[in-house]
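Enquirer: In full-length UniProt numbering, the protein residues as written are 1 to 294. C-beta: ideal position from N, C-alpha, C; glycine also. Since the model is a prediction, treat every value here as computed from it, not as a measurement.
1. Where residue 5 and residue 87 are concerned, what is the direct C-alpha to C-alpha distance, given to the nearest angstrom?
2. Pull up the distance between the alpha-carbon of residue 166 and that of residue 152, whole angstroms please.
3. Contact between the segment 16-25 and the segment 42-59: three or more CB pairs below 8 Å?
4. Per DSSP, what are the beta-bridge partners of residue 154 in this structure?
5. Rank 171, 69, 122 and 91 by C-alpha distance to the C-alpha of residue 105 and give the top, closest one.
6. State the CB to CB distance for the pair residue 58 and residue 43, rounded to an integer number of angstroms; the pair is presumed to be in contact (CB under 8 Å).
7. Distance, Cα to Cα, residue 199 vs residue 64?
8. Which ranges would you report for the beta strand (DSSP E) in the segment 183-220 if only whole runs of at least 3 residues count?
9. Between the alpha carbons of residue 294 and residue 267, how many angstroms are there, rounded?
10. Give me the DSSP bridge partner(s) of residue 15.
11. Across which residues does DSSP place residue 120 in a beta bridge pair?
12. Nearest to residue 215 by CA position, among 125, 183 and 175, is which residue?
13. Using beta-carbon positions only, say whether residue 141 and residue 188 come within less than 8 Å of one another.
14. For residue 138, tell me which candidate among 146, 129 and 145 has the shortest Cα-Cα distance.
15. Under a Cβ-count criterion, where at least 16 other Cβ atoms within 10 Å of its own Cβ denotes burial, should residue 38 be classed as buried or exposed?
16. Flag this pair as yes or no: are the beta carbons of residue 12 and residue 91 separated by less than 8 Å?
17. Who are the near neighbours of residue 222 in its chain, counting only those whose CB is closer than 6 Å to its CB and skipping five residues on each side?
Structure representation (structure tokens):
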């Protein structure tokens with residue numbers, strides 16, 4: 001099915017992009033990013049780190065295009081390509097430009113994607129592998145989700161391995177614990193947009209896996225290129241839309257303001273769901289935490 005496109009009904013362009021590159025002048029550049037984004041009415045989050053940049057921004061077409069032209073003027077970021085989706089309103093409430101130690105926290109300083117990426121597999125090749133049940137060398141393909149558990153619950157690839165991690169720093173230990181069951185397979189790591197699965201694949205290479213790939217561009221690029229084949233559910237995103245379907249359209253899934261749990265359309269029918277106040281997950285947690293009655 002075709003993906004959502006820019007239209008009068010969906011005039012906002014939502015971009016996500018990252019690049020691993022030495023970026024030692026983050027503090028000096030922060031104000032330039034703030035001033036440029038404010039001048040162009042952009043909102044969202046930009047992370048500036050010594051290992052590179054990560055961006056989730058939204059604005060009108062001409063505003064986003066002007067921002068990308070400005071970004072590309074810096075030779076370090078001249079080849080950054082943003083993934084796009086479209087919405088009927090600005091999905092972010094404010095602009096944040098943050099200085100951080102890592103684009104995505106893993107606490108593995110030996111992982112330096114700038115010095116060499118793990119092999120990647122594009123969406124069309126992955127779909128072909130999943131269609132035929134093995135890679136081009138005949139090895140079974142295993143999908144490993146590198147996202148947090150609540151994101152996986154919104155949707156993932158069919159028959160994926162989900163280790164129920166609650167933060168990305170848990171990934172190295174989990175992989176070490178399950179190494180034997182992956183050794184004779186081709187492993188494809190994936191995430192929303194490519195950052196976590198890139199670091200995950202490099203780590204797996206570093207510890208001796210010899211057939212591991214990252215999904216180029218993550219789930220969102222897969223949706224854009226081939227749709228939802230071999231994927232069930234939606235993809236969690238970190239803005240008001242909460243989740244996108246394989247056509248890159250916002251869905252009715254919500255996130256609870258109080259406990260941050262993902263709330264499905266069915267769960268929104270519960271009397272415990274009050275938008276901006278509470279949800280069934282809040283109530284369950286409160287019941288479990290309540291002291292036993294004498």
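Expert: On the basis of the supplied data:
1. By one-based count along the chain shown, residue 5 stands at place 5. By one-based count along the chain shown, residue 87 stands at place 87. Computed Cα separation, rounded: 9 Å.
2. As a working mapping, residue 166 is identified with position 166 in the chain shown. As a working mapping, residue 152 is identified with position 152 in the chain shown. Cα to Cα, the separation comes out at about 11 Å.
3. Taking one beta carbon from each stretch, the segment 16-25 and the segment 42-59 have 3 or more pairs nearer than 8 Å; the two touch.
4. Here residue 154 refers to the residue found at position 154 of the chain shown. According to DSSP, residue 154 bridges with nothing at all.
5. In the chain shown, residue 105 corresponds to position 105, counting from 1. When each option's Cα is compared against that of residue 105, the closest is 171.
6. The residue labelled residue 58 in the question sits at position 58 within the chain shown. The residue labelled residue 43 in the question sits at position 43 within the chain shown. Indeed they touch by this definition, with Cβ atoms about 6 Å apart.
7. Residue numbering aside, residue 199 sits at position 199 when the chain shown is read from its first letter. Residue numbering aside, residue 64 sits at position 64 when the chain shown is read from its first letter. The straight-line gap from Cα to Cα measures roughly 27 Å.
8. 186-190 and 212-215
9. Along the chain shown, read from residue 1 onward, the residue named residue 294 stands at position 294. Along the chain shown, read from residue 1 onward, the residue named residue 267 stands at position 267. Only weak support exists for where residue 294 lies, its pLDDT of 46 falling under 50; the coordinates are left without a value.
10. Within the chain shown, the letter at position 15 stands for residue 15. According to DSSP, residue 15 bridges with 57 and 84.
11. Along the chain shown, read from residue 1 onward, the residue named residue 120 stands at position 120. 214.
12. Counting from 1 along the chain shown, the entry for residue 215 is found at position 215. The option with the nearest alpha carbon to residue 215 is 125.
13. On the chain shown, position 141 is the one that residue 141 refers to. On the chain shown, position 188 is the one that residue 188 refers to. Their beta carbons are under 8 Å apart, which means residue 141 touches residue 188 by this criterion.
14. Counting from one through the chain shown, the residue named residue 138 turns up at place 138. With distances taken between Cα atoms, residue 138 lies closest to 129.
15. Here the question's residue 38 lines up with position 38 in the chain shown. The residue is exposed, with fewer than 16 neighbouring Cβ atoms inside 10 Å.
16. Counting from one through the chain shown, the residue named residue 12 turns up at place 12. Counting from one through the chain shown, the residue named residue 91 turns up at place 91. In this structure, residue 91 lies closer than 8 Å to residue 12 by Cβ.
17. As a working mapping, residue 222 is identified with position 222 in the chain shown. Excluding positions up to five away in sequence, the list reads 123.
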